[in-house]
Amino acid sequence: MPMVTGIVMAFKQLTQFFIRDWGSAPWSGFDNFKVALDFNAPVGKALLHSFWVTCMFTVLSVGLSWLIGVTASIFTQDAFRGRGLLRAAFMLPYALPVFAAVITWSFMFQRDTGLINHVLHDQLHLTSDKPFWLIGDNSFWALLTVSVWKSWPFAFLTLTAGLQNIPRELYEAASLDGAGVWQQIRRITLPSLRPVNLVLVLVLFLWTFNDFNTPFVLFGKSAPQAADLISIHIYQSSFITWNFGQGSAMSVLLLLFLLLVTAVYLLATNRRREDAE
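Here my numbering is used: the first residue of the sequence shown is 11, the next is one more, and so on.
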């Protein structure tokens, strides 16, 4: 029902004047979509900028989360003293409530009193001056850091479960044949994890592209232009400018884009699987 309501709202001229009775708002047809997709106009330019920022952010976040997750899962694959404790420590970012974790990061990113600048500037002397992390271009990297910190434990958990299904005999046989650690990872581990990775990458992509809580808690209602993710952009279009029809149209466009990407991804992976078989 909420999805249907949102789609209906996208075809209405719904502003603050019709909040008490949104059903009485006049129909606008495809006007909201035309405005959003007019990339020569201010609204369309801003939406396109937000879209490209979100794409870059998603690619980097998903890629780094997967890389750290697969590295940690391979490192803890063999038994050693303290492995259980280390695995539990790895899962802490995933177990912590999102709001509490991101609020903590926002304090750490404060320019004058934050831990990040204290370490980088005061302790390590890596910067000539204390940079701003929550405004300007650095806000993108601050957001990316928090996103990766929050997401990689899920990749670690999923890949660790996938590693349990790889027979140990394969590694033993490869070791007897003279294969080194990197060759075993390349020839055995990564190919065996391919079915898990296919699902994992898709889930991380959808979660990251739609992420609203992280930028909202980190930056508030108005994110810097460098970190203007499309979820925050749609929120601003709907609840800051009070143009709910236009914001709903952007949400529908986002839904269609995610459905298209998911369909193409599933078709490509299924075709690759069929060719491999």
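Beta carbons are placed, not taken as given, at the ideal position from N, Cα and C, and that holds for glycine.
Span separating the alpha-carbon of L212 from that of T199
Using only the alpha carbons, I get a separation of about 20 Å.
Which class does K22 belong to by DSSP, given the choice of helix, strand or coil?
In this structure, K22 counts as strand in the three-state DSSP scheme.
8 Å contact criterion, which D221 and V63 should meet: CB distance rounded
12 Å between Cβ atoms; not a contact.
Output yes or no for whether 8 Å exceeds the beta carbon distance between Q194 and A184.
Yes, the Cβ-Cβ distance between Q194 and A184 is below 8 Å.
In or out: F61 buried (at least 16 other Cβ within 10 Å) or exposed?
For F61, the number of other beta carbons within 10 angstroms of its own is at least 16, and it is reported as buried.
Tell me whether P177 is buried or exposed, calling it buried when 16 or more other Cβ atoms sit within 10 Å of its Cβ.
When all chains shown are included, P177 counts as exposed.
What three-state label does DSSP hand W252 in the structure shown?
DSSP places W252 in coil when its eight states are reduced to three.
Taking the C-alpha atoms as reference points, what is the distance between D187 and V72?
V72 has its alpha-carbon roughly 35 Å from the corresponding atom of D187.
Helix, strand or coil: how does DSSP classify W143 here?
Annotated three-state conformation of W143 is coil, per DSSP.
Can you say whether T218 is buried or exposed, counting buried as having 16 or more other CB atoms within 10 angstroms of its CB?
Residue burial annotation: T218 is buried, with at least 16 other C-beta atoms found within 10 angstroms of its C-beta.
Tell me, to the nearest whole angstrom, how far the beta carbon of T86 is from that of R97; I am working on the premise that it is less than 8 Å.
Contact holds; Cβ gap of about 6 Å.
Buried or exposed: where does P107 fall if 16 or more other Cβ atoms within 10 Å of its Cβ makes it buried?
So P107 ends up on the exposed side.
In angstroms, rounded to a whole number, what distance separates the CA positions of L277 and K140?
Straight-line Cα distance between these residues: approximately 48 Å.
To the nearest angstrom, how far is it from the Cα of T25 to the Cα of A236?
Spanning the two alpha carbons is a distance of roughly 28 Å.
CA-to-CA distance, G39 to Q23, given in whole angstroms:
In this structure, the alpha-carbon of Q23 lies about 9 Å from that of G39.
Taking the alpha carbon of W32 as the point to measure from, which residue in N42, D41, F43 and M19 has its own alpha carbon closest?
If you compare the alpha carbons of N42, D41, F43 and M19 with that of W32, the shortest gap goes to M19.
Should F117 go down as buried or exposed, given a rule of 16 or more other Cβ atoms within 10 Å for buried?
The residue in question, F117, is exposed, as its Cβ has fewer than 16 Cβ neighbours within 10 Å.
Leaving out the 5 sequence neighbours to the left and right, which residues in its chain are closer than 8 Å to W37 when beta-carbon positions are compared?
Cβ within range, chain order: F21, K22 and Q23.
Out of D122, S247, W252 and V112, which has the shortest C-alpha to C-alpha gap to P52?
Of all alpha-carbon atoms in D122, S247, W252 and V112, the one lying nearest the alpha-carbon of P52 is that of S247.
Could you spell out the range, first to last residue, of the alpha helix (DSSP H) harbouring R204?
For R204, the enclosing alpha helix (DSSP H) starts and ends at R204 to F219.
Mind checking whether S258 and S161 have CB atoms under 8 Å apart?
In this structure, S161 does not lie closer than 8 Å to S258 by Cβ.
Counting pairs of Cβ atoms below 8 Å between the stretch 140-155 and the stretch 112-132, do you hit three or more?
With a cut-off of 8 Å, the stretch 112-132 and the stretch 140-155 count as touching, because enough Cβ pairs lie within range.
Select from P12, L167, A46 and A110 the residue whose C-alpha is nearest the C-alpha of N223.
Across the set P12, L167, A46 and A110, the C-alpha of A110 shows the shortest separation from the C-alpha of N223.
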